[in-house]
Amino acid sequence: MSGDSCQLPLHRLCLQTQVTSTGSQAIRPSHEGIHGTVGNQGSASQMACPKSKTCSYRAAVGLGTKYVRLNVGGTLFYTTLQVLTRQDSMLKAMFSGRKEVFIDREGWILIDRSGKHFGSILTYLREEAVTLPPGMQGALELLAEAKYYLIQGLVELCQGGLQDQKEQSLCVIPVVTSAKEEERLIKACTKPVVKLLYNRSNNKYSYTSNSDDHLLKNIELFDKLSLSYNGRVLFIKDVIGDEICCWSFYGQGRKLAEVCCTSIVYATEKKQTKVEFPEARIYEETLNALFYETLPVPDDSLLEATRRRHAHSHTHCGFHSEEEEGPTPSGVDLRERVRRIHVKRYSTYDDRSLGH
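Numbering follows our numbering, with no gaps: position 57 of the sequence shown is 59.
Quick look at the structure:
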C-alpha cells in the first residue's frame with residue numbers, strides 16, 4: 003500500500019514531541035515473525051515520538067505474522083494475532099484489515115489509549131474471564147476501556163461487578179412500625195438479627211445525669227456494629243416499643259438473648275431512671291448470635307459452656323442480673339431458651355458525679 007503522507011493524531015506517547023509528516027513511501031507486506039519474548043511489557047515513556055504511517059494492518063505486516071507488538075499509551079504489549087481477533091471488537095476490526103492502524107518505523111502498533119488496564123483487556127480476550135480491579139474506581143476505569151474497544155462481554159462483566167459492589171456497600175437498617183412488621187422481618191430473615199429498641203419518651207421519672215450520654219453511646223454502638231457486620235447480620239431499629247433502651251438478639255427466626263440497659267435509682271429526693279451502657283455484653287451477645295449465621299445451629303455443649311461462663315462472671319460482677327426463660331435443660335435442648343440480661347433493677351445510689 004502506498005499513499006501520500008498525512009498528519010497523524012497526537013498520541014499520548016508523543017505529548018512533548020511535535021508529530022511530523024513523512025514522504026510518500028510504499029509499505030511492503032512482510033512475512034517474517036516479530037522477534038521477542040511473548041508476554042513482556044516495557045515502558046516507552048522516554049522514547050521520542052517516532053514517525054508513523056496509517057495503513058491497513060494486513061497491508062502493513064501481512065497475513066503470515068503470528069505475534070503483534072502494541073504500544074498502548076506508552077506501555078508496550080506483545081501478544082498474538084489470534085487473541086486480538088478472537089472476539090468481535092474494535093481490536094478485531096483493526097487487525098483484520100477493516101480499520102486503519104498506526105505503525106511506527108520500529109513496527110509497534112500505536113493505540114492512543116491508557117495502557118493501565120490493557121492487560122486485563124487481553125486477559126479477557128484470551129480467557130473470556132478476568133478478575134476485576136479492586137474498588138469501584140478501578141472497575142469504572144476498566145468499564146470505560148471495554149466500551150471503547152467494543153467488548154460487550156467485558157462491559158457486562160464490569161457492570162455486574164459494579165452493581166454487586168453497590169449492593170454490598172449499601173447498609174439498609176429498617177425501622178419497624180408495628181409488632182407484626184417486626185415479627186415478619188425476623189421470621190423471613192435467614193441471617194442473625196440484632197434489634198435496638200430506644201424510646202426516650204417512655205420514661206416516667208427524670209433521668210440521671212449520665213443517662214443521656216449512655217443512651218447516645220448505645221445508639222452509636224448500634225451504628226458501628228451495623229457497618230462492621232453489614233451483609234452478615236440484619237440490624238433493626240425499634241422506636242415504638244415500651245422500653246427505653248433494650249437490645250434483642252435473634253438467630254434462625256427465634257429470640258436468643260435480650261440486654262436491657264435501664265434501671266430505677268432511688269435517690270434521696272425522688273426516683274430516677276438510669277440508662278447503662280454494657281458495651282462488653284452487647285459485643286458478646288452479638289458474637290453469640292453469629293453462631294446462628296449458618297446451619298447447623300450450635301449444639302447444646304457449646305451453648306451450655308457459654309451459659310456457665312456467663313453465670314460465673316455475673317455472680318462476681320454483681321452489676322447485671324441474668325435469667326433464662328423456657329424449658330429446663332433436662333426438658334429440651336438449650337436452643338429453645340432465651341437469655342435475658344438486665345442491669346440491676348433497683349439501686350440506692352445515684353451515679354451523679356461530685357459537684358452536681
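Backbone N, C-alpha and C define an ideal beta-carbon position, used for all residues, glycine too.
Remember, predicted model here, so these are calculated numbers, not experimental data.
Nearest residue (CA-CA) to residue i, options the options
{"i": "L289", "options": "A269, G253, R186", "result": "G253"}
{"i": "A181", "options": "C173, V174, L199", "result": "L199"}
{"i": "I113", "options": "T77, L145, T82", "result": "T77"}
{"i": "P280", "options": "Q139, E143, C173, N220", "result": "N220"}
{"i": "E108", "options": "V70, R100, L86", "result": "V70"}
{"i": "N73", "options": "F104, F224, I246, S265", "result": "F104"}
{"i": "T210", "options": "C160, Y294, E278, F224", "result": "E278"}
{"i": "G243", "options": "F293, L218, N205", "result": "N205"}
{"i": "L217", "options": "E130, C173, C262", "result": "C262"}
{"i": "Q89", "options": "T179, E295, E143, G155", "result": "G155"}
{"i": "Y294", "options": "M96, A282, L258", "result": "L258"}
{"i": "L159", "options": "E287, E260, V132, Y80", "result": "V132"}
{"i": "G162", "options": "L229, C248, M138", "result": "M138"}
{"i": "S250", "options": "F79, R202, E286", "result": "E286"}
{"i": "E147", "options": "L93, S203, C191", "result": "L93"}
{"i": "E111", "options": "K118, H119, K101", "result": "Strictly speaking, residue 111 in this sequence is Ile, with Glu absent from that position. Nearest option by C-alpha distance: K101."}
{"i": "D166", "options": "P136, T179, I238", "result": "P136"}
{"i": "A291", "options": "G140, F237, L127, F120", "result": "F237"}
{"i": "L144", "options": "H119, L127, L124, Y126", "result": "H119"}
{"i": "R128", "options": "S98, R186, V157, T81", "result": "T81"}
{"i": "A269", "options": "S203, E222, S208", "result": "S208"}
{"i": "G140", "options": "L164, E130, Y126", "result": "L164"}
{"i": "F79", "options": "T125, A282, R186", "result": "T125"}
Anticipated Cβ contact below 8 Å, residue i with residue j, distance rounded
{"i": "V235", "j": "K189", "result": "Not confirmed; about 16 Å, so no contact."}
{"i": "V177", "j": "V241", "result": "6 Å"}
{"i": "L134", "j": "S91", "result": "Rounded, the Cβ-Cβ distance is 18 Å, inconsistent with contact."}
{"i": "E245", "j": "T264", "result": "7 Å"}
{"i": "I266", "j": "K273", "result": "6 Å"}
{"i": "L83", "j": "K68", "result": "6 Å"}
{"i": "S116", "j": "G75", "result": "5 Å"}
{"i": "C173", "j": "N232", "result": "5 Å"}
{"i": "S230", "j": "I175", "result": "The pair is not a contact, with the Cβ atoms about 13 Å apart (cut-off 8 Å)."}
{"i": "C248", "j": "E260", "result": "7 Å"}
Residue i: first and last residue of the uninterrupted alpha helix (DSSP H) it sits in
{"i": "L292", "result": "Where L292 is concerned, there is no enclosing alpha helix (DSSP H), given that its DSSP letter is neither H nor E."}
{"i": "L227", "result": "213–230"}
{"i": "I188", "result": "181–190"}
{"i": "K94", "result": "92–96"}
{"i": "G253", "result": "G253 -> not in any alpha helix (DSSP H); beta strand (DSSP E) instead, spanning 247–253."}
{"i": "E147", "result": "138–150"}
{"i": "V85", "result": "83–86"}
Boundaries (first-last residue) of the beta strand (DSSP E) holding residue i
{"i": "G117", "result": "First-last for G117: undefined, no H or E at that position."}
{"i": "K257", "result": "256–262"}
{"i": "I242", "result": "No beta strand (DSSP E) contains I242, which DSSP labels as neither H nor E."}
{"i": "E102", "result": "102–106"}
Local conformation of residue i per DSSP, three classes
{"i": "T125", "result": "helix"}
{"i": "C160", "result": "helix"}
{"i": "A131", "result": "coil"}
{"i": "G155", "result": "helix"}
{"i": "A269", "result": "coil"}
{"i": "V174", "result": "coil"}
{"i": "V196", "result": "strand"}
{"i": "F279", "result": "coil"}
{"i": "I284", "result": "helix"}
{"i": "K168", "result": "helix"}
{"i": "R71", "result": "strand"}
{"i": "L78", "result": "strand"}
{"i": "S45", "result": "For S45, the predicted structure reports a pLDDT of 41, less than 50, and the residue's modelled location is therefore unreliable. A value from the coordinates is still provided. In this structure, S45 counts as strand in the three-state DSSP scheme."}
{"i": "Y207", "result": "coil"}
{"i": "T296", "result": "coil"}
C-beta neighbour in chain B for residue i, strict 9 Å
{"i": "G140", "result": "The structure shown contains no chain B, having only a single protein chain."}
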